[in-house]
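**Q**
Number of protein chains: 2
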Amino acid sequence: MSHTLGVRQAQKQRTRQALLDAALALLEEQSLSSLGLREVTRAVGVAPTAFYRHFHSTADLGVALVEEALGSLHPMIRTTVSPEQHSDERIARAVELIAGHVAAHPAHVRFIARERHGGVQPVREAIRDQLGRFAEEVRDELAGDPGAAGWDDGDLLMLAGLYVDQMLSTASLFLEALNAPERERRRVAELAARRLRLISIGRGHWLD
Amino acid sequence: MSHTLGVRQAQKQRTRQALLDAALALLEEQSLSSLGLREVTRAVGVAPTAFYRHFHSTADLGVALVEEALGSLHPMIRTTVSPEQHSDERIARAVELIAGHVAAHPAHVRFIARERHGGVQPVREAIRDQLGRFAEEVRDELAGDPGAAGWDDGDLLMLAGLYVDQMLSTASLFLEALNAPERERRRVAELAARRLRLISIGRGHWLD
DNA sequence: TCTCCGGGAGAACAGTTGTTAACTGCATGG
DNA sequence: CCATGCAGTTAACAACTGTTCTCCCGGAGA
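Structure, rendered in structure tokens:
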């Protein structure tokens, strides 16, 4: 798309990314509201003042991290919910997909779970907005399902929100089980599948 | 039960409670991992070193707060889930009960939601333990329901966990809507009721 | 080739933090 | 009534924090 950046801007974006990466690593053992600006720059190996060239504050950095963690996830959502297979297979695939994502980006998942109700307002709002968009996308996808005939918009959004909450909940469970024996991860996958199955059943009889 | 405490121990417990209260107030705008010991003692009007007479660290204080916020909630759980009325009435009553609790103890609810996935391990574990106990209690209550015939223990615990998660989720929503117009709170109550109804339906057809 | 711009470095600032030590006053148990 | 134990105080410690100002240097545009 855009032609190659100049050496100048490329270097800038590189340190910016280094700051984001270092912050994300530090946030595995603390919350954003206790993350110090100097702490981050020290981890990158850069002067404290350099931080201001990229972010106004650590809260600002947090908002950028939300974008990084959730922004690129939208395409995945749509394909997951789309009703192209039988319910049980779709559930299994969704749980697998979540497990894979947690294994691939554990720090991102931890960050979102931690800061969703965390102590930094702008970050909470950024996460709430992203999750809200997720819910709307899921609703749009659900609306295309033939089983959704007769559902009003409120019901669809309720169900979509339930799915999004469930996604985060199981992601968090997978995160806790990351360094546990594989048997534990299987247990989590089984539990998540059962929950989704129950929701699926409730969905099927909603209009009775 | 226990005869009246001496003047000495009574005063100790009073400052201890003052520390807990001050910390809880401070935690409305930050997370536990950034809460300073001096910050708390300053708010109480007591010397920093006095803190050590009551807690080893702020993490320790956090665990005590978990006890305070969740420990006295167990009786409420059992009565809420008990199947003494029709489903819709029970749902309405449960949602009302949650709304009332959030309105009465908003700081406690915020603390639990924030620190459940927060940056302080011992506190996370304390919350996980308490919520686990909740789930077990709900399961025991569900097991007494005639509709639970044929459910194995794993299914019951799955459903119980779903209810507990749902409880926290709606509590968090009520918290966000605390200073919003009452219409917003009604909307949250309506949403929570719909979610519970869907789960209830799925529960009714689980064994098909 | 020269000038300019901006990412980054360096030093210094006033405050803050957790933790230690030695103390004071007073309720308590013998 | 007196000695003891303990909640709370005072003072000091080195280490750390966010922020400002001044400077440097090398890529970019003319």
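Each protein sequence line maps, in turn, to chains A and B.
Note that the UniProt record's numbering gives residue 110 to position 110 of the first sequence, counting from 1, and the numbers run on in steps of one.
Note that the UniProt record's numbering gives residue 130 to position 130 of the second sequence, counting from 1, and the numbers run on in steps of one.
Backbone N, C-alpha and C fix where the C-beta goes; we use that ideal spot for every residue, glycine too.
#1: Report all residues from its chain with a CB closer than 7 Å to the CB of L159(B); omit the five preceding and five following residues, and keep chain order.
#2: Pull up the distance between the alpha-carbon of T4(A) and that of P48(A), whole angstroms please.
#3: List the whole-angstrom C-beta distance separating L32(B) from G118(B), where the pair is believed to meet the contact cut-off of C-beta under 8 Å.
#4: In terms of alpha-carbon separation, which member of R133(B), R110(B), W206(B) lies closest to S169(B)?
#5: For a cutoff of 8 Å on Cβ pairs, would you count I199(A) as touching chain B?
#6: Can the beta-carbon of I91(A) be found less than 8 Å from the beta-carbon of S200(A)?
#7: Note down, in chain order, each residue of its chain lying with its Cβ closer than 8 Å to the Cβ of G36(B), except the 5 sequence neighbours on either side.
#8: Within its chain, find whatever has a CB closer than 6 Å to the CB of F51(B); leave out the 5 residues flanking it on each side and keep chain order.
#9: Anything in the stretch 109-120 of chain A with a Cβ closer than 7 Å to a Cβ of chain B? List those residues in chain order, please.
#10: If you follow the alpha helix (DSSP H) that T49(A) is in, where does it begin and where does it stop?
#11: Considering only residues of the same chain and omitting the five flanking positions on each side of A177(A), which have a CB-CB separation below 7 Å?
#12: By the three-class DSSP mapping on this structure, what secondary structure does Q30(B) have?
#13: From what residue to what residue does the alpha helix (DSSP H) around F111(A) run?
#14: Closest to Q85(A) by C-alpha separation, out of D165(A), D145(A), N179(A), would be which residue?
#15: Along the alpha helix (DSSP H) that carries H56(A), what are the first and last residues, could you check?
#16: State the Cα-Cα distance for the pair V63(B) and L24(B), rounded to the nearest angstrom.
#17: If we cut at 8 Å on Cβ distances, does R90(B) have a partner in chain A?
#18: Take A99(A) as the anchor and find which of G161(A), A171(A), A113(A), D140(A) has the nearest alpha-carbon.
#19: Using 8 Å for Cβ pairs, my map puts V138(A) next to V81(A). What's the rounded Cβ distance?
#20: Quick check on the DSSP output: the alpha helix (DSSP H) that includes D145(B) runs from which residue to which?
#21: At the level of alpha carbons, what is the spacing between R114(A) and R114(B)?
#22: Tell me where the alpha helix (DSSP H) around T4(B) begins and ends.
#23: Tell whether a beta-carbon distance below 8 Å holds between V95(B) and A18(B).
#24: Can you pull the chain B residues whose beta carbon is under 8 Å from the beta carbon of M158(A), in chain order?
#25: Would you identify the three-state DSSP class for Y86(A), choosing helix, strand or coil?
#26: Between L131(B) and chain A, is there a C-beta pair that is closer than 8 Å?
#27: With distances taken between CB atoms, is the gap from R194(A) to D155(B) smaller than 8 Å?
#28: Within 10 angstroms of the Cβ of E29(B), are there 16 or more other Cβ atoms? Answer buried if so, exposed if not.
#29: Against chain B, with Cβ distances strictly below 8 Å, would W151(A) count as a contact?
#30: Counting only Cβ-Cβ distances shorter than 8 Å, please list the residues of the stretch 71-100 of chain B near chain A, keeping chain order.
**A** Concretely, from the data shown:
#1: As a working mapping, residue 159(B) is identified with position 159 in the second sequence. Excluding positions up to five away in sequence, the list reads L142, R203.
#2: For the purposes of this step, residue 4(A) is identified with residue 4 of the first sequence, where counting begins at 1. For the purposes of this step, residue 48(A) is identified with residue 48 of the first sequence, where counting begins at 1. Approximately 29 Å between the Cα atoms of the pair.
#3: In the second sequence, residue 32(B) corresponds to position 32, counting from 1. In the second sequence, residue 118(B) corresponds to position 118, counting from 1. Contact holds; Cβ gap of about 6 Å.
#4: By one-based count along the second sequence, residue 169(B) stands at place 169. The option with the nearest alpha carbon to S169(B) is R110(B).
#5: Translated into the one-based positions of the first sequence, residue 199(A) becomes position 199. It does; some Cβ of chain B falls within 8 Å.
#6: Start at 1 with the first residue of the first sequence, and residue 91(A) comes out as number 91. Start at 1 with the first residue of the first sequence, and residue 200(A) comes out as number 200. Closer than 8 Å, so yes.
#7: By one-based count along the second sequence, residue 36(B) stands at place 36. The answer, listed in chain order, is T58.
#8: Here residue 51(B) corresponds to residue number 51 of the second sequence, with the count starting at 1. Closer than 6 Å at Cβ, skipping near neighbours: L37, T41.
#9: A113, R114, H117, G118, G119
#10: Position 49 of the first sequence, counting from 1, holds the residue named residue 49(A). T49(A) -> no alpha helix (DSSP H), and no H or E assigned at all.
#11: Reading the first sequence from its first residue, position 177 is the one you call residue 177(A). Result list for A177(A): E184, R185, V188, in chain order.
#12: Translated into positions along the second sequence, residue 30(B) becomes position 30. Coil at Q30(B), not helix or strand.
#13: Here the question's residue 111(A) lines up with position 111 in the first sequence. Run containing F111(A): 106-115, per the alpha helix (DSSP H) assignment.
#14: As a working note, residue 85(A) is residue 85 in the first sequence. Comparing Cα positions, the closest option is D145(A).
#15: One-based indexing of the first sequence puts residue 56(A) at position 56. Per DSSP, H56(A) belongs to no alpha helix (DSSP H) and is neither H nor E.
#16: Here the question's residue 63(B) lines up with position 63 in the second sequence. Here the question's residue 24(B) lines up with position 24 in the second sequence. If I take the Cα positions, the gap works out to 12 Å.
#17: For the purposes of this step, residue 90(B) is taken as the residue at position 90 of the second sequence. Chain A contact via Cβ: absent.
#18: Walking along the first sequence from the start, residue 99(A) turns up at place 99. Comparing Cα positions, the closest option is A171(A).
#19: Here residue 138(A) is taken as the residue at index 138 of the first sequence, counted from 1. Here residue 81(A) is taken as the residue at index 81 of the first sequence, counted from 1. Right, the Cβ-Cβ distance comes to about 5 Å (below 8 Å), so this counts as a contact.
#20: As a first step, residue 145(B) is located in the second sequence; it is residue number 145 there, counting from the start. Where D145(B) is concerned, there is no enclosing alpha helix (DSSP H), given that its DSSP letter is neither H nor E.
#21: For the purposes of this step, residue 114(A) is taken as the residue at position 114 of the first sequence. For the purposes of this step, residue 114(B) is taken as the residue at position 114 of the second sequence. Near 7 Å, if we compare the C-alpha coordinates of R114(B) and R114(A).
#22: Position 4 of the second sequence holds residue 4(B). It is not in any alpha helix (DSSP H) - T4(B) carries neither H nor E in the DSSP assignment.
#23: Against the second sequence, residue 95(B) aligns to sequence position 95. Against the second sequence, residue 18(B) aligns to sequence position 18. No; because the gap between Cβ atoms is not below 8 Å, this pair is not in contact.
#24: On the first sequence, residue 158(A) is found 158 positions in, with the first residue counted as 1. The contacting residues are L191, R194, R195, L198.
#25: Here residue 86(A) refers to the residue found at position 86 when the first sequence is read from its first residue. Inspection of the sequence shows that residue 86(A) is occupied by His rather than by Tyr. H86(A): coil per DSSP, three-state reduction.
#26: Stepping through the second sequence from its first residue, residue 131(B) is reached at position 131. So no, L131(B) is outside the interface.
#27: The residue labelled residue 194(A) in the question sits at position 194 within the first sequence. The residue labelled residue 155(B) in the question sits at position 155 within the second sequence. Yes, the Cβ-Cβ distance between R194(A) and D155(B) is below 8 Å.
#28: Residue 29(B) sits at position 29 when you count from the first residue of the second sequence. Counting Cβ neighbours within 10 Å, E29(B) comes out exposed, since fewer than 16 surround it.
#29: Translated into the one-based positions of the first sequence, residue 151(A) becomes position 151. For W151(A), the answer is no, since every Cβ of chain B falls outside 8 Å of its Cβ.
#30: none
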